[in-house]
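Read left to right, the sequence shown gives residues 1 to 457 (UniProt numbering).
Report on the structure given below.
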Amino acid sequence: MVYFVFKKEAYRMKNHSLTQGSIAKGLLFFVIPLFFSNLFQQLYNTIDTLLVGHFLGDNALAAMGATAAIFELIVQFSNGCGTGFSIVTARYFGSKNEDELKKSVATSLILGLIISIAITIVSYVFMPSLLTLLKTPRIIYNDSLNYIRCISAFLIITMFYNLGAGMLRAIGDSLRPLIVLFCSSIINIALDIFCITILDMGVLGAAVATVIAQGISTIICFFLIWKDAKILIPKKEHFHMESSMISDLLGQGFSMGFMFSIVSIGTIILQTGINGLGTQIIAAHTAARKLMSLLCLPLSTLAASMATFVSQNKGAQNYTRIMKGVRMANTCGIIYPMFLSIIIYFTAENLVHFLSGSSNPIVLENGAMYLKINVPFFIVLSILLNLRNTIQGFGYKITPLISSLIEFFGKIVFTLFLVPTFKYLGVCFCEPIIWCLMASQLLYSYQKIIKPFKAQN
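This is the structure we're talking about:
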């Protein structure tokens with residue numbers, strides 16, 4: 001019953017224009033499925049963290065946390081390629097060019113296979129050196145290496161899941177990817193418990209559970225395409241590679257992959273400084289980061305919706321509505337962190353304990369400190385995310401890239417100069433300070449962009 005009610009609502013939202021009617025209602029209907037999709041994606045890693053921390057202890061949690069930035073880089077680049085490829089497919093779907101659509105699907109599958117194999121080989125060969133470069137403590141080195149090698153060895157599964165989900169969204173189907181993600185999360189939880197507690201596979205069990213769950217999800221995703229989206233199924237002749245199609249797909253895929261992963265590269269550099277602070281700090285940071293990702297999800301989802309909202313209204317030349325939408329999003333981004341900061345102030349240590357399973361005072365105190373410092377700055381982060389997506393919706397590509405580069409170089413400065421001096425306190429203040437710099441740059445750029453339209457009112 002729930003499925004059919006949601007399916008009806010999803011169909012209505014799929015054809016819902018954001019250019020008219022109530023801005024709040026329009027954004028709400030658009031954000032809901034996007035939020036749950038992102039939530040289920042976050043649950044993949046959060047469940048791993050919770051079970052590893054509770055059943056395997058601080059060192060195991062630190063082993064997984066020491067590779068978190070590398071894991072994120074691999075996944076984000078894969079996400080970027082899948083999203084970029086789907087943009088090309090969506091274009092041909094919109095123009096009703098079925099032959100070119102099928103060619104884009106076929107070429108995406110071939111390129112996805114090549115890219116994932118190349119990254120897998122490079123990751124396997126250079127991962128030991130990278131973990132050493134990141135100053136991974138010797139006591140957790142082997143567990144960290146086994147975990148990340150397992151993830152990267154099966155990157156082809158991650159890549160093809162993103163391709164399949166992207167293809168479905170390209171033809172306007174946002175419901176099925178959401179259902180697949182929900183099933184994947186349930187499977188992942190069950191496999192985590194089985195591999196970690198019953199098979200006693202340790203940290204490697206968490207990686208195996210994630211890989212198997214995503215493998216099943218990929219199979220389900222392509223089964224749904226075969227069953228209900230025949231337009232996406234290419235024929236033999238569509239697998240003939242054309243240079244123009246390859247160039248188009250790689251241009252979109254690599255640009256999105258780079259945008260998605262540049263922040264992760266900066267995080268990897270910062271992780272170097274964190275890894276040098278010991279396993280207890282790594283465990284504290286791992287738990288706190290997972291919590292922060294979940295707490296930030298409403299803000300990042302709302303911000304992601306702004307790109308579509310602005311893009312649609314720009315096409316309709318409805319600039320007054322754009323400015324009202326941005327103000328509404330920023331208002332939500334101010335109210336939510338204010339209430340959240342109060343809750344975090346009183347519950348931070350309990351939340352870190354719940355997720356990590358640790359009773360170590362160093363883990364709890366440092367994890368709580370990270371949350372108490374960062375969460376109040378969600379106000380700045382929300383404005384940053386809203387403006388960056390708004391500017392992308394306007395069609396500007398360089399300005400959002402500059403903000404990503406500010407974050408990238410800011411993390412380098414903190415890693416080299418401030419973390420060695422201020423230790424974990426320097427890590428805690430790293431992103432809030434960088435967010436302020438990024439928000440200032442984006443606010444200046446946004447004001448320049450909308451100035452001509454303000455003058456028209």
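Cβ atoms here follow ideal geometry from the backbone N, Cα and C, with glycine treated the same way.
On a predicted model such as this, the values are computed, not experimentally measured, just so you know.
Taking residue i as part of the alpha helix (DSSP H), name the residues at either end of that continuous run.
i, result
"Gly410", "Ile398 to Val413"
"Ala348", "Tyr319 to Ser356"
"Asn59", "Asp58 to Gly65"
"Ile375", "Inspection of the sequence shows that residue 375 is occupied by Val rather than by Ile. Segment: none, Val375 is in no alpha helix (DSSP H) and carries neither H nor E."
"Leu113", "Glu98 to Leu133"
"Leu224", "Val203 to Asp228"
"Asp192", "Leu175 to Ile193"
"Leu249", "Ser243 to Asn275"
"Pro420", "Val419 to Phe422"
"Ser144", "Arg138 to Ala153"
Can you find the residues in the same chain that come closer than 7 Å, C-beta to C-beta, to residue i, ignoring five residues on each side of it along the sequence?
i, result
"Asn275", "Ala66, Leu134, Lys135, Thr136, Pro137 and Ile282"
"Asn394", "The sequence given here places Phe at residue 394; Asn does not occur at that position. So the list reads Val310, Lys314 and Ile449, once near-sequence residues are dropped."
"Tyr141", "Leu131"
"Ser358", "Gly53, Asp58, Ala283 and Leu364"
"Asn360", "Asp58 and Gln280"
"Phe161", "Strictly speaking, residue 161 in this sequence is Tyr, with Phe absent from that position. If we look at Tyr161 and ignore the five residues flanking it on each side, its Cβ neighbours are Gln214, Ser217, Thr218 and Cys221."
"Ile269", "Lys411, Ile412 and Thr415"
"Tyr323", "For the sequence presented, residue 323 should be read as Met rather than Tyr. Once the five neighbours on either side are set aside, the close Cβ partners of Met323 are Ile450."
"Thr301", "Val31, Leu34, Phe35 and Asn38"
"Ser73", "Inspection of the sequence shows that residue 73 is occupied by Leu rather than by Ser. Closer than 7 Å at Cβ, skipping near neighbours: Ser261, Ser264, Ile265 and Ile268."
"Lys290", "Asn45, Thr46, Thr49 and Leu355"
"Ile187", "Ala213 and Ile216"
"Gln441", "Ile402, Ser403 and Ile406"
"Val122", "none"
"Leu385", "Leu299, Ser300 and Ala303"
"Phe453", "Tyr319"
Assuming residue i and residue j are in contact, meaning their beta carbons sit under 8 Å apart, how far apart are those beta carbons, in whole angstroms?
i, j, result
"Leu355", "Gly164", "Actually they do not touch by this definition, with Cβ atoms about 31 Å apart."
"Thr83", "Ser104", "Not quite, the Cβ-Cβ distance comes to about 14 Å (not below 8 Å), so this is no contact."
"Leu387", "Leu443", "6 Å"
"Ile362", "Cys428", "Going by Cβ atoms, the distance from Ile362 to Cys428 rounds to 14 Å, so no, they are not a contact pair."
"Arg169", "Ser255", "Between Ser255 and Arg169 the Cβ distance is about 18 Å, and since that is not below 8 Å, they are no contact."
"Asp192", "Ala206", "6 Å"
"Leu56", "Ile196", "7 Å"
"Ala60", "Asp143", "6 Å"
"Lys235", "Lys102", "7 Å"
"Asn366", "Tyr424", "5 Å"
"Tyr147", "Met64", "6 Å"
"Phe40", "Ser185", "5 Å"
"Leu204", "Cys150", "6 Å"
"Gly21", "Gly257", "About 35 Å; that fails the 8 Å criterion."
"Ile225", "Met292", "Incorrect: roughly 35 Å between the Cβ atoms, too far for contact."
Give every residue of the same chain whose Cβ lies closer than 6 Å to the Cβ of residue i, excluding the five residues on either side of it in the sequence, and list them in chain order.
i, result
"Phe6", "In this predicted model, Phe6 has a pLDDT of only 42, less than 50, meaning its place in the structure is not dependable enough to derive any value."
"Val380", "Trp435, Cys436 and Ala439"
"Val180", "Ser217, Ile220 and Cys221"
"Phe408", "Ile262 and Gly266"
"Tyr370", "Ala288 and Cys428"
"Gln76", "Phe260, Ser261 and Ser264"
"Val2", "At Val2, the pLDDT of 39 sits below 50, so the modelled position is not reliable and the matter cannot be decided from this model."
"Gln392", "Ala307 and Pro400"
"Gly273", "Thr415 and Val419"
Closer than 7 Å: is that where the CB of residue i sits relative to any heavy atom of the ligand MN?
i, result
"Asn146", "For the ligand MN, the structure offers nothing, since it holds no ligand at all."
Can you find the residues in the same chain that come closer than 8 Å, C-beta to C-beta, to residue i, ignoring five residues on each side of it along the sequence?
i, result
"Pro128", "Leu145"
"Arg12", "Note that Arg12 scores 46 on pLDDT, short of 50, meaning its location in the model is unreliable and no value can be drawn from it."
- Query: Pairing CB atoms from the segment 399-417 with CB atoms from the segment 279-293, are three or more of them under 8 Å?
  - Reply: No, they do not touch.
- Query: Does the segment 24-31 touch the segment 232-250, meaning 3 or more C-beta pairs lie closer than 8 Å?
  - Reply: no
- Message: Pairs of beta-carbons, one from the segment 247-266 and one from the segment 318-336, closer than 8 Å: are there three or more?
- Response: no
- Query: Do the segment 150-167 and the segment 115-125 make contact, defined as three or more Cβ pairs closer than 8 Å?
  - Reply: Judged by Cβ distances under 8 Å, the segment 150-167 makes contact with the segment 115-125, as three or more pairs qualify.
- Task: State whether the segment 369-380 contacts the segment 338-351, with contact taken as three or more CB pairs (one from each stretch) at a distance under 8 Å.
- Result: yes
- Message: Tell me whether the segment 397-416 and the segment 317-325 touch, counting them as touching only if at least three CB pairs, one residue from each stretch, are closer than 8 Å.
- Response: no
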